[in-house]
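Residue numbers (the working numbering), protein chains in the order written: chain A, 5 to 254; chain B, 5 to 254; chain C, 5 to 254; chain D, 5 to 254.
Working notes, structure below.
Protein chains: 4
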Amino acid sequence: MTATQLTLIQIDNYGPWTVTPEPRREMDLQTLQSRLFADLAQFVGSRDGYVFFTRFDNMVAATNGLDRTDHALLQESIGNRYPVTISLGVGVDEVPIEALETATERVQDAGSAQSADRAEVLGGEFHEDSGDGDLRIAHFDVNDATGKYTDRLNEFDTFIEIEQGYASLMRYMREAHGALSFFVGGDNIIAICPDLSVEEYHDAIDHVAEEAGVQLKVGVGRGATAHEAGIGAKHALEDCRYEGTLVEFA
Amino acid sequence: MTATQLTLIQIDNYGPWTVTPEPRREMDLQTLQSRLFADLAQFVGSRDGYVFFTRFDNMVAATNGLDRTDHALLQESIGNRYPVTISLGVGVDEVPIEALETATERVQDAGSAQSADRAEVLGGEFHEDSGDGDLRIAHFDVNDATGKYTDRLNEFDTFIEIEQGYASLMRYMREAHGALSFFVGGDNIIAICPDLSVEEYHDAIDHVAEEAGVQLKVGVGRGATAHEAGIGAKHALEDCRYEGTLVEFA
Amino acid sequence: MTATQLTLIQIDNYGPWTVTPEPRREMDLQTLQSRLFADLAQFVGSRDGYVFFTRFDNMVAATNGLDRTDHALLQESIGNRYPVTISLGVGVDEVPIEALETATERVQDAGSAQSADRAEVLGGEFHEDSGDGDLRIAHFDVNDATGKYTDRLNEFDTFIEIEQGYASLMRYMREAHGALSFFVGGDNIIAICPDLSVEEYHDAIDHVAEEAGVQLKVGVGRGATAHEAGIGAKHALEDCRYEGTLVEFA
Amino acid sequence: MTATQLTLIQIDNYGPWTVTPEPRREMDLQTLQSRLFADLAQFVGSRDGYVFFTRFDNMVAATNGLDRTDHALLQESIGNRYPVTISLGVGVDEVPIEALETATERVQDAGSAQSADRAEVLGGEFHEDSGDGDLRIAHFDVNDATGKYTDRLNEFDTFIEIEQGYASLMRYMREAHGALSFFVGGDNIIAICPDLSVEEYHDAIDHVAEEAGVQLKVGVGRGATAHEAGIGAKHALEDCRYEGTLVEFA
Ligand SMILES: Nc1nc2c(ncn2[C@@H]2O[C@H](COP(=O)(O)OP(=O)(O)OP(=O)(O)O)[C@@H](O)[C@H]2O)c(=O)[nH]1
Ligand SMILES: Nc1nc2c(ncn2[C@@H]2O[C@H](COP(=O)(O)OP(=O)(O)OP(=O)(O)O)[C@@H](O)[C@H]2O)c(=O)[nH]1
Ligand SMILES: Nc1nc2c(ncn2[C@@H]2O[C@H](COP(=O)(O)OP(=O)(O)OP(=O)(O)O)[C@@H](O)[C@H]2O)c(=O)[nH]1
Ligand SMILES: Nc1nc2c(ncn2[C@@H]2O[C@H](COP(=O)(O)OP(=O)(O)OP(=O)(O)O)[C@@H](O)[C@H]2O)c(=O)[nH]1
Ligand SMILES: [Ca+2]
Ligand SMILES: [Ca+2]
Ligand SMILES: [Ca+2]
Ligand SMILES: [Ca+2]
């Protein structure tokens, strides 16, 4: 049984800041957002968590193994180095979407995302005793994306195809299983999942093939942390490549 | 009449690199990708262009005002500081998708995205005489995203809504007008467009409201560069906010 | 009694790389070096260590609290994201210079800094049981640098003054006590020290005043980690400011 | 005859900020400082200027080729992405130290480095008509630093040697020629110089050998920009290596 600890990272009062006193240069905002994400990826990632850029002003992280002290330090360090601050909400549950529901509420309960009074919220519960099988990570990838799309279509039309596949998978996994799927670049999608069977992964792949016409394969891993589960998933995906299969478990 | 210069930025042979000799830590890949994007955003952005992260291994930039020398310098500088190199293809056209078609072909013609032999391609044509009205940028934004989604739903369900709005808009704008729409974080979408009328923007907004149930507004700007057009679009979007309108031109 | 764990971080075969195939753009090298240092500062710093830029191709870190696994992860992560790799040597001793001697030897024994065959060395011993008083950090600072130099002289002449003060202190502390003093920007010098008395700090300050004509003050802290000792030192330095004294212990 | 344009970059009111409300984590300050420098190195460097970290809170740049608009954009972009702002002063002169004198005064005249009221000063004069020989860059380097120091001594004792060589050179070049010498990492020193003869460079090298016991060699280049002059200097330094000489002009 999984026990996923998820953290919502929300930039405080970011919307108003982007247009005060005048709308800021878009490329500076893009730089700020992507570097903030990179810093989170290093902090969380070097502690074996995963963080996803999601909407950039709101990011989601799988943080099993990071406790309250780690979260407080992250918050302090970002506050020391950026012109904006972040709020953090944390939740734990067997079903990922439920963990995120809790995490989000902890931040929402302290005030609006666009409240000038609310800053650096740190709320929620942490998963104390970690277990080997707490996390399931599924790493999905498009079959032969290079040959079918990248080398053949213009980049925007390739992007539309990949994006449709992603949109289809994200909705399906969320509705069917309460799983959270994130696009991570290229043709890759990483999903934080509860326990699912081989058949359930085949169904997801079939669904995307039918709805969006995109052929996925998937490697699935488990571990005490996102990195452990995720690196297992990557190796399983390599197995798919060598075996020519669509679903492999680590 | 617009004359959009677009650059395709493609990381050379990136797929194989990510799994050689073993699959690399995902958070290191995420850090690499987002910092590479941030560096491009600073280089291109400080020359008044716009760059979009798209799939991160393939990025699209509006580069009016940047010539071949600028592109060569960017390529050299990335090669000096990253463990990967980039290829660049450039195209110019009245219709954005046509410019990108050309840009992509320049890179594709030199070899596959996953060819070990192909590196640091720099091909294409540049827009020589820039004119005031060469670029049209439309900055779309969701109405009251904070009140309707961010402060109310869990972050993943918010993300699904925003993402559906984006998927709907990106397809519509591409098919109806050959325009390229990019999600830039939060609830914001920036589109590189040809000349379009107020009605055509209203139609796009209506389409997204019907198909995805997401209410957009849009500010539209024009200029010799993406920044000029884009900052105009941002000011026009502020006009929408103050006037309570859905479409404003700078 | 102190037990300082020091790590030498050396970029592998960096000299040849900077001129292959042609001398690389200096500002790209500067960017690479300072970002590598920033990444080390975040990795080590968020685990309560301190790292100093020293010569940038060779950096020194106080790493009490970081074990072999942490060092291996740091090395892997840098290797994933930079065009260069790093070797790490670690030593522990009561006297800082002795710890560094050991740390350096571990790297030197594996081959030359400019050997194409030597890469990603990870050698040395780690301090297993950490104690409250393992580290002593002294934070030195110039009295009224703003009024005496920054606001009055041209920046280079200010720099010469500060730099002379630093050169004087670094030699004195190394020779008299085996302590390692690092310039950290502005008018600040941070020294990793063995146990020293108030008088010994006064002597150091007197020496610099006489030799270089620069008036320093110093706050001294102790702790199980560099951050703990260092933040104590910073508070002690604030005490100097409020009390008008030259040496304060946390 | 040279015409060097120098820019002083000063972080506004930085001292007080580092201790408000409490002393900030040193490694966050180090990260902030080195990333700010890296961003300046990219902005200035990609426009063929050079920037030196100096004291990090005050940096010096050779900015021939960058006009007032470039400086204003740099200032705006840093303000958009950092929790601190920067002031810029610019001066032009045949003698580098005179140019910096002017540049510094422009900032000093607007208020103290530690005044809460003074922010984002942008003052000074710009070199309008650039000429081929406006800049002289001398790239000094220690002979066989690897064999004599890095591979043999502990890193701190190596550092002391290099640092003594630097201290000696910086004072000599400033006093004898009004030239500004900056340590750039490893065993490298880059100097912004007026027109000097081969003999004058030999004298400088002799001085350092006698005073500090460090054997330097130097390549000298000229150009309309720092990069042009600097890349010439690097090639000339390679000539020293191949010819076994101590001074080479590009
Ligand atoms: N984030 C992330 N992206 C990856 C990873 N591996 C590959 N990619 C991306 O996926 C793109 C396509 O690479 P591949 O999936 O290897 O190529 P493909 O043509 O689809 O080939 P097959 O998947 O083997 O059928 C690359 O350019 C990367 O952007 C990974 O581990 N993480
Ligand atoms: N990239 C980018 N994102 C922005 C910009 N302005 C706002 N955002 C993002 O949009 C999010 C929502 O902000 P707003 O659009 O101001 O808020 P809202 O609740 O939708 O309110 P209205 O749009 O005024 O109805 C912010 O958190 C940012 O992520 C911008 O100029 N550029
Ligand atoms: N690295 C680092 N630098 C600091 C710190 N505090 C101040 N500085 C630097 O020191 C410079 C001078 O600041 P202060 O020391 O506060 O100013 P001062 O004029 O010398 O005044 P007093 O020290 O109070 O006499 C600042 O610009 C910073 O660069 C710190 O905690 N760490
Ligand atoms: N900033 C900078 N540093 C460099 C450059 N070239 C070399 N270095 C540094 O200098 C160090 C020593 O390299 P070298 O000077 O090639 O080595 P050496 O042993 O002194 O050999 P010789 O100079 O050839 O006698 C390297 O580790 C780098 O840190 C350069 O172009 N710029
Ligand atoms: Ca694939
Ligand atoms: Ca909005
Ligand atoms: Ca001071
Ligand atoms: Ca050398």
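The beta-carbon is built from N, C-alpha and C at its ideal position, and this holds for glycine as well.
With ligand 5 as the reference, list in chain order each residue whose Cβ lies under 6 Å from any of its heavy atoms. Asp145/A, Val146/A, Ala149/A, Asp191/A
Residue-chain proximity (aspartate 97/A, chain B), Cβ-Cβ < 8 Å: no
Test: leucine 44/A CB closer than 8 Å to a CB of chain C: no
With distances taken from CA atoms, which of Arg72/D, Ala240/D, Asp61/D is nearest alanine 149/C? Asp61/D
Assign aspartate 113/D to one of three DSSP states: helix, strand, or coil. coil
Using the Cα positions of cysteine 244/D and valine 224/D, report the straight-line distance between them to the nearest angstrom. 11 Å
Using the Cα positions of threonine 229/D and glycine 69/C, report the straight-line distance between them to the nearest angstrom. 47 Å
Flag leucine 104/A as yes if its beta-carbon sits less than 8 Å from any beta-carbon of chain B, otherwise no. yes
Please compile the residues from chain D whose C-beta is within a distance smaller than 8 Å of the C-beta of phenylalanine 47/B. Gln46, Ser50
Just curious, the alpha helix (DSSP H) that methionine 31/A is in, first and last residue? 30–49
Step through the CB atoms of chain D and report whether any lies within less than 8 Å of the CB of serine 81/C. no
Complete runs of the beta strand (DSSP E) confined to the region 134–187 of chain A [at least 3 residues]: 139–146, 184–187
Could you give the residue range of the alpha helix (DSSP H) that holds threonine 22/D? 18–22
Length of the line joining the Cα atoms of glutamate 242/D and aspartate 199/C: 46 Å
Between which two residues does the alpha helix (DSSP H) containing aspartate 207/B stretch? 202–216
Between valine 202/B and ligand 1, is there a pair consisting of the residue's CB and a ligand heavy atom that are separated by less than 7 Å? no
Is asparagine 192/C helix, strand or coil when you go by DSSP? strand
Report the partner residues of glutamate 252/C according to the DSSP bridge assignment. Gly223/C
Contact set between leucine 77/A and chain C, taken where Cβ atoms lie within less than 8 Å: Ser50
Just the Cα atoms here: how many angstroms apart are serine 91/C and histidine 206/D? 36 Å
Cβ of glycine 19/B within 7 Å of any heavy atom in ligand 1? yes
Starting from the Cα of threonine 89/D, find the closest Cα among Glu124/D, Val96/D, Arg178/D, Trp21/D and give me that residue. Glu124/D
Counting only the same chain and skipping the five closest in sequence on each side, list residues whose C-beta sits under 6 Å from that of valine 212/C. Gly169, Ser172, Leu173, Val218, Leu220
Note down the Cα distance separating glutamate 203/B from threonine 249/B, rounded to an integer number of angstroms. 13 Å
Selection from Glu252/C, Asp121/C, Asp210/C, Ala195/C that minimises the alpha carbon distance to threonine 8/C: Ala195/C
Between asparagine 158/A and leucine 126/B, how many whole angstroms is the CB-CB distance? I'm expecting something under 8 Å. Their Cβ separation, rounded to whole angstroms, is 18 Å, which puts asparagine 158/A and leucine 126/B out of contact at 8 Å.
Looking at the structure shown, is serine 119/A part of a helix, part of a strand, or coil, going by DSSP? coil
Starting from the C-beta of asparagine 192/B, find all residues in its chain whose C-beta is less than 6 Å away, skip the five residues before and the five after it, and write them out in chain order. Asp145
Check aspartate 74/A in the structure and name its three-state DSSP category. helix
Applying the criterion that 16 or more other CB atoms from any shown protein chain within 10 Å of the CB defines a buried residue, is arginine 39/C buried or exposed? buried
Starting from aspartate 97/D, follow the alpha helix (DSSP H) in both directions and report where the run begins and ends. Aspartate 97/D -> not in any alpha helix (DSSP H); beta strand (DSSP E) instead, spanning 90–97.
For leucine 12/A, go through chain B and note every residue whose CB falls closer than 7 Å to its CB, in chain order. Glu159
Could you check what DSSP says for asparagine 298/B in three-state terms: helix, strand or coil? Because chain B is modelled from 5 through 254, residue 298/B falls outside the range shown and cannot be assessed.
Around the Cβ of aspartate 16/C, are there at least 16 other Cβ atoms within 10 angstroms (buried) or fewer (exposed)? buried
Identity of the residue in Ile209/C, Ser119/C, Ser134/C nearest aspartate 52/C by Cα: Ser134/C
Beta carbon of histidine 231/A, beta carbon of alanine 254/A: below 8 Å? no
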